[in-house]
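Chemist: To convert, count from 1 in the sequence shown and add 1; that's our numbering.
Ideal Cβ placement from N, Cα and C applies to all residues, glycine included.
Here the structure is a predicted model, which is why all the values come from computation and not from measurement.
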Amino acid sequence: MLDVAHSSREQALGAREQGLQLGHSDLSAAGPLGAWLRGRVSAGFATHGGRLEHGIEEAYAETTGLPGGLQLRGGRFASQIGRLNEQHPHADDFVERPLAYRAFLGGHWNDDGLRLNWTAPTPFYLMLGMEALHGRRLVEEAASRSGRVGVRSFTLKTGADVGREHAWQLGLSYVNNRREAAVAGLHHGHDDDDHDDHDDHDEDHGHGDHGDAGDDHAHAHHHHHGAAFSGRRSWWVDLSWKWSPGGNPREQQLRVAVDAARITGINRYAGAGEHHDALGLSVVWRWAPQWEVGARSERLRVSEPHGDHFHAARLREHAVMLAYKPSHLQALRLQWTTQRKAAGFDDAARRSVQVQYVLGFGAHPAHAF
Numbered sequence: 002m003l004d005v006a007h008s009s010r011e012q013a014l015g016a017r018e019q020g021l022q023l024g025h026s027d028l029s030a031a032g033p034l035g036a037w038l039r040g041r042v043s044a045g046f047a048t049h050g051g052r053l054e055h056g057i058e059e060a061y062a063e064t065t066g067l068p069g070g071l072q073l074r075g076g077r078f079a080s081q082i083g084r085l086n087e088q089h090p091h092a093d094d095f096v097e098r099p100l101a102y103r104a105f106l107g108g109h110w111n112d113d114g115l116r117l118n119w120t121a122p123t124p125f126y127l128m129l130g131m132e133a134l135h136g137r138r139l140v141e142e143a144a145s146r147s148g149r150v151g152v153r154s155f156t157l158k159t160g161a162d163v164g165r166e167h168a169w170q171l172g173l174s175y176v177n178n179r180r181e182a183a184v185a186g187l188h189h190g191h192d193d194d195d196h197d198d199h200d201d202h203d204e205d206h207g208h209g210d211h212g213d214a215g216d217d218h219a220h221a222h223h224h225h226h227g228a229a230f231s232g233r234r235s236w237w238v239d240l241s242w243k244w245s246p247g248g249n250p251r252e253q254q255l256r257v258a259v260d261a262a263r264i265t266g267i268n269r270y271a272g273a274g275e276h277h278d279a280l281g282l283s284v285v286w287r288w289a290p291q292w293e294v295g296a297r298s299e300r301l302r303v304s305e306p307h308g309d310h311f312h313a314a315r316l317r318e319h320a321v322m323l324a325y326k327p328s329h330l331q332a333l334r335l336q337w338t339t340q341r342k343a344a345g346f347d348d349a350a351r352r353s354v355q356v357q358y359v360l361g362f363g364a365h366p367a368h369a370f
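Here you go:
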């Protein structure tokens, strides 16, 4: 999948730099691994700072025939928390991911570990899932040793069709993160495990050192790899509703989605009043088979660590987009985005115009709800 975009100005916490850049593009291979397993490998490519970055985004095997609706996956894969994280960014409705994903997950969080899902035998969709992940690709440099399982997540997804025209889905996730981000200005001890994690990251992406995920100017690092803001406990809620007049989503469809997230336990110095939260609403209307228009409004509030105290930072973002999709593997999108800071985020883009082109090759798996 090829993703190319031109931006008049890069956005705070954005993944795309000013000018013409290669966005999140990938090459994937998938297929059966014997009678009981299937596997997938994906290599990702993008340009940052005038350099081409690449790395293995997915390399996992999962079961295909466990009884009782169970499925086990192991390897490197994208976490299923939130509405969009498991989906590749080039399949999104907007050029940039919602603020919650960019600030709290680094845009598209994939990691090494295990996942166990159970799909209930109910007339409606009901799935319960657990993940045990290393966490080094979420928090690159930790303040102390966290072991080989740094992050645990628990997810519930449920939904149903309502007649021929309506469908909805609700997602709830809780994340326990043992990898407390190191804070600049404080001299935490780092053990071999932490340094190994940082070395692994550099090897995966082929670039030099980056600032700590929780340092004094985390929001100024546009192209962070990992979360700009993290904490011990995270709650994610997402709700989606789709309406297809006449029951044919290819002809016309209205999609409404809400994403909300809150993170507490920022670090050992954080009190009850220090937390991060984000809220976003998006509406997309496909009025003809090849044309879509959409709008999104978001708010981000964070408590940024500065040594053993915190500074509040606020960011609002609004976007409108028009997309032409001649086929399900092509999209040409024009987007207008504004950002307004209430505090912090000195790199907020007051106005940004982006043109994106996405082109797919070969077989492509179906996207989630």
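(1) Measuring alpha carbon to alpha carbon, tell me which of Gly51, Ser283 and Arg153 ends up nearest Gly20.
(2) Check Ala104 in the structure and name its three-state DSSP category.
(3) Using the three-state DSSP reduction, which class does His277 fall into: helix, strand or coil?
(4) If you measure between the beta carbons of Glu293 and Val284, is that distance less than 8 Å?
(5) Check each candidate in Leu3, His7 and Met2 and name the one with the smallest Cα separation from Gln355.
(6) Please go through the segment 115-149 and give each complete alpha helix (DSSP H) segment of 4 or more residues, from N-terminal end onward.
(7) Using the C-alpha atoms, what's the distance from Gly35 back to Asp278?
(8) Using C-beta distances below 7 Å, list every residue in its chain close to Thr64, excluding the 5 sequence neighbours before and after it, in chain order.
(9) Ordered along the chain, which non-local residues of its own chain (more than five positions away) have a Cβ less than 6 Å from that of Trp119?
(10) Quick one: residues in its chain with C-beta nearer than 6 Å to the C-beta of Leu157, no 5 flanking neighbours on either side, listed in chain order?
(11) Quick one, which of Val359, Pro33 and Trp169 has its alpha-carbon nearest Asp27's?
(12) Using the beta-carbon count (16 or more within 10 Å), is Asp197 buried or exposed?
(13) Determine contact between the segment 252-265 and the segment 72-88, defined as no fewer than three beta-carbon pairs at a distance below 8 Å.
(14) With DSSP as the reference, label Pro306 as helix, strand or coil.
(15) Could you give the distance in angstroms between the alpha-carbon of Ser9 and the alpha-carbon of Arg315?
(16) In its own chain, which residues sit with a C-beta less than 7 Å from the C-beta of Gln12, not counting the 5 before and 5 after it?
(17) Just to confirm before moving on: does the CB-CB distance between Lys243 and Arg256 stay below 8 Å?
(18) Which stretch, first to last residue, makes up the beta strand (DSSP E) that contains His55?
(19) Given a cut-off of 8 Å on the beta-carbon distance, is the pair Ala332 and Phe95 in contact?
(20) Could you check the C-alpha separation between Glu318 and Pro33 for me, to the nearest Å?
(21) Between Phe46 and Asp4, what straight-line distance do the alpha-carbon atoms span, to the nearest angstrom?
(22) With DSSP as the reference, please indicate the residues paired to Met2 in a beta bridge.
(23) Going by C-alpha distance, which of Leu23, Leu134, Glu305 and Pro99 is nearest Ala344?
(24) Tell me whether the beta-carbon of Gly114 lies closer than 8 Å to the beta-carbon of His135.
(25) Could you give the residue range of the beta strand (DSSP E) that holds Pro33?
(26) CB-CB under 6 Å to Pro246, same chain, minus the five flanking residues each way: which ones, in chain order?
(27) Please look up how many angstroms separate the CB atoms of Gly75 and Ala92, rounded, as I've assumed it's under 8 Å.
(28) Determine the direct distance from the alpha carbon of Asp348 to that of Ser154, and round the result to whole angstroms.
(29) Beta-carbon separation of Ala228 and Leu301 under 8 Å?
(30) Can you look up Pro396 in the DSSP assignment and give me helix, strand or coil?
(31) Between Ala144 and Ala183, is the Cβ-Cβ spacing less than 8 Å?
(32) Please state whether DSSP places His91 in a helix, a strand or coil.
(33) Mind checking whether Gly361 and Leu330 have CB atoms under 8 Å apart?
(34) In or out: Phe78 buried (at least 16 other Cβ within 10 Å) or exposed?
(35) Ends of the beta strand (DSSP E) at His329?
Modeler: Concretely, from the data shown:
(1) Per the Cα distances, Gly51.
(2) helix
(3) The three-state secondary structure of His277, taken from DSSP, is strand.
(4) no
(5) His7
(6) none
(7) Cα to Cα, the separation comes out at about 44 Å.
(8) When the five nearest sequence neighbours on each side are left out, the beta carbons in the same chain lying within less than 7 Å of the beta carbon of Thr64 are those of Trp37, Leu38, Gln72 and Leu73, in order along the chain.
(9) If we look at Trp119 and ignore the five residues flanking it on each side, its Cβ neighbours are Gly70, Leu71 and Leu129.
(10) By the criterion of a C-beta distance shorter than 6 Å, Leu157 is surrounded in its chain by Leu129 and Leu173, once the five residues flanking it on both sides are discounted.
(11) Val359
(12) With a pLDDT of only 42 at Asp197, under the threshold of 50, the placement of this residue in the model should not be trusted, and no figure is reported.
(13) yes
(14) strand
(15) 23 Å
(16) Glu97, Thr338, Gln340, Ala350 and Ser353
(17) The answer is yes: Cβ separation under 8 Å.
(18) Arg52 to Thr64
(19) no
(20) 43 Å
(21) 10 Å
(22) Answer is none; Met2 lacks a bridge partner.
(23) Comparing Cα positions, the closest option is Glu305.
(24) yes
(25) Ser26 to Pro33
(26) Gln253
(27) Under the criterion of beta carbons closer than 8 Å, Gly75 and Ala92 do not qualify as touching, at roughly 24 Å.
(28) Near 32 Å, if we compare the C-alpha coordinates of Asp348 and Ser154.
(29) Judged by their CB atoms, Ala228 and Leu301 are not nearer to each other than the 8 Å cut-off.
(30) An answer regarding residue 396 cannot be provided, because it is not within the stretch 2 to 370 covered by the chain.
(31) yes
(32) helix
(33) Result yes, Cβ atoms of Gly361 and Leu330 sit closer than 8 Å.
(34) buried
(35) Segment: none, His329 is in no beta strand (DSSP E) and carries neither H nor E.
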